[in-house]
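S.K.:
2 protein chains.
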Amino acid sequence: MVGLENDKVILRALRGEALEVPPLWLMRQAGRYLPEYRALRAKAKSFLELCLTPDIAEEITLQPVRRFGFDAAILFADILLVPYALGQKLWFQEGEGPRLEPLTVDAISGLTRAEVPERLAPVFETIRRLRKSLAGETTLIGFAGAPWTVATYMIAGAGSDDSAAARLFALKEPKAFARLIDVLVDATVDYLVAQVSAGAEVLQLFESWAATIPAESVAVYSIDPLTRIVEGVRAKASVPIIVFPRGAGSNYLRYDAIGADALSLDTHVLLDSVVGALKTTCLQGNLDPFRLIAGGKALEDSVRHIRRAMSGRPFIFNLGHGIRQETPVEHVQQLVRLVREKAA
Amino acid sequence: MVGLENDKVILRALRGEALEVPPLWLMRQAGRYLPEYRALRAKAKSFLELCLTPDIAEEITLQPVRRFGFDAAILFADILLVPYALGQKLWFQEGEGPRLEPLTVDAISGLTRAEVPERLAPVFETIRRLRKSLAGETTLIGFAGAPWTVATYMIAGAGSDDSAAARLFALKEPKAFARLIDVLVDATVDYLVAQVSAGAEVLQLFESWAATIPAESVAVYSIDPLTRIVEGVRAKASVPIIVFPRGAGSNYLRYDAIGADALSLDTHVLLDSVVGALKTTCLQGNLDPFRLIAGGKALEDSVRHIRRAMSGRPFIFNLGHGIRQETPVEHVQQLVRLVREKAA
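Chains as they are written, first to last, in this note's numbering: chain A, 1 to 344; chain B, 1001 to 1344.
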């Protein structure tokens, strides 16, 4: 159970402490911008093998922590491991991203979460190893995709920028869609509780496609399922939870209702306008990943601005979206220096 | 000059009148969901030929008005005609969308608006013909892309969902980027004033990629250039202007500052939350294009909800995004019936 090492800076921020130097980690920090990741990736048969081989997943998770001394390690895994564990066929097309056998209405009634613990056993093993190998200061973050986001891939059979297939499916087959969301809520609670049991100290829920939800469906597709997950996990595990509704736009404030410990902010949220408006204890994120690619003054200005805007408030420094593969490693080093300067 | 036929319903809404039955048109109403459009498209050599041949562009513009009796016809053209008129090479790759020769820093200083009137002369001819052929009741809408949106295509050489190339360019080459925006502001004012002179009665500015602008750059990349265009056009022409910052999210309220006559709302804006907050005279849009594909009760519920939420307020009924090609024509007929019912 979390609570033994709760002097870790991220846990302090999540409990509501405003730190002079904010804790720092980066979404997708273990990834293709790192040469050591690309070397490992080149040797593996598939992306799925990376996620489901504890030796490799552990090493990938540790790579950015070793190089940059981030305050957190985030488990190397994929949000589509849940559909995989539910029995949907999943593979990764080289250079094209994930592919799944698109769900039919009938297939949805056949989904069962009975095999989640067994099929995802390697993930829990990775977490157990990581918890031992991580130095006392570094927090281990587990994660899962939010039901809407995961459903968009399950229905389309691939990623899509407008979630067209899922949006139409939800309107045409509302009962089957509701059943899918229910299965995902339950499976995700199981999965996250098992992550905490294995050693995850913080959880993050990624609603990566919040931007594609029509305003009138945000409550039903996203806020309600996320609330049920947060409540379901808390009924069985004591763990701080971060929610990241990327692209929620004018609906961001509605995510306060979930009662998460932190909300992660994308790059399109004007900090000065939400700092006072959001009620969630801790905030996270907001740095434009393109400023990390540009480096120099473009990066410096923005880091200082964010630190000033968030000073005196519980905050975890992070990007507003995952780090992009074209990011120079030296700019990440520059970022670490800027965030850790005493005076913002 | 506008003003002679100002009993047209769209003009009344734009002047601030709340109509019991809101005026109706659809973004991208002249397009691939119509069999008569596909027939014309199949005969033409290229998409550019459709835009720049007055006979064809006029016919395409009129097709949806004939079929559905919409309250407005929107000129059939493309937002990339401005880069084309500025001298950038433009072509349309069959099935893949627009392609341009990507802009370099040097090429930006070579852009000039001198040839805009001549290169776009066929567009103005189309407008003159349309103004004659449209029945007295139907308003003719002209349009242009907003500078940020147009710049994303000019810099990347193609459409992109994250505007990655433009975002990085703007950070790395701020002076060249500012010069590009300036050229686009001036050329767009020229282009729109010429549209009004030819007979356009309303103008719409499409900031179709507002969603990709980082919050701290919304003012500089989008609101300031749009404000300059609105002021520039108004200095020379008396015409109502609609601004559509698609995906502006939590930054939507900031677009009030432009002083447009109407703001068009995407599908992600919760109507009830903005109706009171936005100060712009007239609102437009919001219907989810996927509900138009689904039809039936999904469509009916949403049309009634929008009409109720906007009743008593100047409003133009429209989609929150362009109509999709897979939309059944019968559902558009259903929409027209629902919007024109007396009791909402």
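Every residue gets a Cβ at the ideal spot worked out from N, C-alpha and C, and that includes glycine.
Quantities reported herein were computed from a predicted structural model and do not represent experimental measurements.
Would you report the Cα separation of Arg291 of chain A and Met1154 of chain B, rounded to the nearest angstrom?
M.R.: Looking at the two C-alpha atoms, the distance is approximately 21 Å.
S.K.: 8 Å is my cut-off, CB to CB: does Pro214 of chain A come that close to chain B?
M.R.: yes
S.K.: If you run the structure through DSSP and keep just helix, strand and coil, what is Ser238 of chain A?
M.R.: coil
S.K.: On the three-state DSSP scale, how would you describe Ser1311 of chain B?
M.R.: coil
S.K.: Measuring only between beta-carbons, confirm whether Lys172 of chain A sits less than 8 Å from chain B.
M.R.: By this cut-off, Lys172 of chain A is an interface position.
S.K.: Looking at the secondary structure, which residues open and close the beta strand (DSSP E) in which Arg32 of chain A lies?
M.R.: Counting along the chain, Arg32 of chain A falls outside any beta strand (DSSP E), and DSSP gives it neither H nor E.
S.K.: How would you list, in chain order, the residues of chain B whose beta-carbon sits under 9 Å from the beta-carbon of Thr227 of chain A?
M.R.: Within chain B, no residue comes near Thr227 of chain A; the closest Cβ sits about 18 Å away, beyond 9 Å.
S.K.: Could you tell me the boundaries of the alpha helix (DSSP H) in which Gln88 of chain A lies?
M.R.: In the DSSP assignment, Gln88 of chain A falls outside any alpha helix (DSSP H) and carries neither an H nor an E.
S.K.: What in chain B is Cβ-close to Arg167 of chain A, meaning under 8 Å?
M.R.: Asp1288 and Phe1290
S.K.: Which term fits Trp91 of chain A, buried or exposed, when burial requires 16 or more other beta carbons within 10 angstroms of its beta carbon?
M.R.: By the C-beta density criterion, Trp91 of chain A is exposed, having fewer than 16 other C-beta atoms within 10 angstroms.
S.K.: Does any C-beta atom of chain B lie closer than 8 Å to the C-beta of His345 of chain A?
M.R.: This structure leaves residue 345 of chain A out entirely; chain A is present only between 1 and 344.
S.K.: What does DSSP give as the partner residues of Gln1204 of chain B in its beta bridges?
M.R.: B:Phe1143 and B:Ile1242
S.K.: Grab me the residues of Gly1097 of chain B's own chain with a C-beta within less than 8 Å of its C-beta, minus the 5 sequence neighbours each way, in chain order.
M.R.: A distance below 8 Å between beta-carbons, with the five flanking residues on each side excluded, links Gly1097 of chain B to the following residues of its chain, in chain order: Ala1158 and Gly1159.
S.K.: What residue from B:Ala1294, B:Gly1295 and B:Leu1265 has the CA that sits closest to Met1027 of chain B's CA?
M.R.: B:Leu1265
S.K.: Can you list, in chain order, the residues of the segment 1056-1077 of chain B whose Cβ is nearer than 8 Å to any Cβ on chain A?
M.R.: none
S.K.: Considering only residues of the same chain and omitting the five flanking positions on each side of Arg337 of chain A, which have a CB-CB separation below 8 Å?
M.R.: none
S.K.: Exposed or buried, which one is Gln1284 of chain B when buried takes at least 16 other CB atoms within 10 Å?
M.R.: Burial call: buried.
S.K.: Answer yes or no: does any C-beta atom of chain A fall closer than 8 Å to that of Asn1251 of chain B?
M.R.: yes
S.K.: From which residue to which residue does the alpha helix (DSSP H) around Gly1110 of chain B run?
M.R.: Val1105 to Gly1110
S.K.: Cα separation between Val269 of chain A and Tyr37 of chain A?
M.R.: 31 Å
S.K.: Which residues share a DSSP beta bridge with Cys282 of chain A?
M.R.: Answer is A:Ala262.
S.K.: Where does Gln1325 of chain B land, buried or exposed, given buried means 16+ other C-beta within 10 angstroms?
M.R.: Gln1325 of chain B should be labelled exposed.
S.K.: What span of residues does the alpha helix (DSSP H) with Pro54 of chain A cover, start to end?
M.R.: Unbroken alpha helix (DSSP H) run through Pro54 of chain A: Pro54 to Phe68.
S.K.: Which residues of the segment 1269-1283 of chain B have a Cβ closer than 8 Å to any Cβ of chain A? Give them in chain order.
M.R.: In summary, the residues of the segment 1269-1283 of chain B whose CB is separated from some CB of chain A by less than 8 Å are Val1269, Leu1270, Leu1271, Ser1273 and Val1274, in the order they occur in the chain.
S.K.: Which bits of chain A does Ile1293 of chain B rub up against, with CB to CB less than 7 Å?
M.R.: One finds Leu168 in chain A with Cβ atoms closer than 7 Å to the Cβ of Ile1293 of chain B, taken in chain order.
S.K.: When the Cα of Ala18 of chain A is compared with those of A:Arg228, A:Thr327, A:Thr281 and A:His305, which residue comes out closest?
M.R.: A:Thr281
S.K.: Given this structure, state the Cα-to-Cα distance separating Asp1055 of chain B from Arg1129 of chain B, to the nearest angstrom.
M.R.: 9 Å
S.K.: According to DSSP, simplified to helix, strand and coil, what is Arg128 of chain A?
M.R.: helix
S.K.: What residues in its chain sit with their C-beta under 8 Å from that of Asp1190 of chain B, if we drop five residues either side in the sequence?
M.R.: Arg1113, Val1116 and Pro1117
S.K.: Figure out for me which residue from A:Val150, A:Val105, A:Leu168 and A:Ser163 has the closest Cα to the Cα of Tyr84 of chain A.
M.R.: A:Val150
S.K.: Between which two residues does the alpha helix (DSSP H) harbouring Ala198 of chain A extend?
M.R.: Pro174 to Ala198
S.K.: For a contact meaning CB atoms closer than 7 Å, what does Ala158 of chain A contact in chain B?
M.R.: Per Cβ cutoff of 7 Å: no residues; Ala158 of chain A is ~14 Å from chain B at best.
S.K.: Measuring alpha carbon to alpha carbon, tell me which of B:Glu1173, B:Phe1070, B:Phe1244 and B:Cys1051 ends up nearest Val1082 of chain B.
M.R.: Minimum Cα distance to Val1082 of chain B is reached at B:Cys1051.
S.K.: Determine the chain B residues that contact Ala257 of chain A at a beta-carbon separation under 9 Å, and present them in chain order.
M.R.: Within 9 Å Cβ-Cβ: nothing; Ala257 of chain A doesn't reach chain B, min ~13 Å.
S.K.: How about Ala1178 of chain B and Leu1086 of chain B: do their beta carbons lie closer than 8 Å?
M.R.: In this structure, Leu1086 of chain B does not lie closer than 8 Å to Ala1178 of chain B by Cβ.
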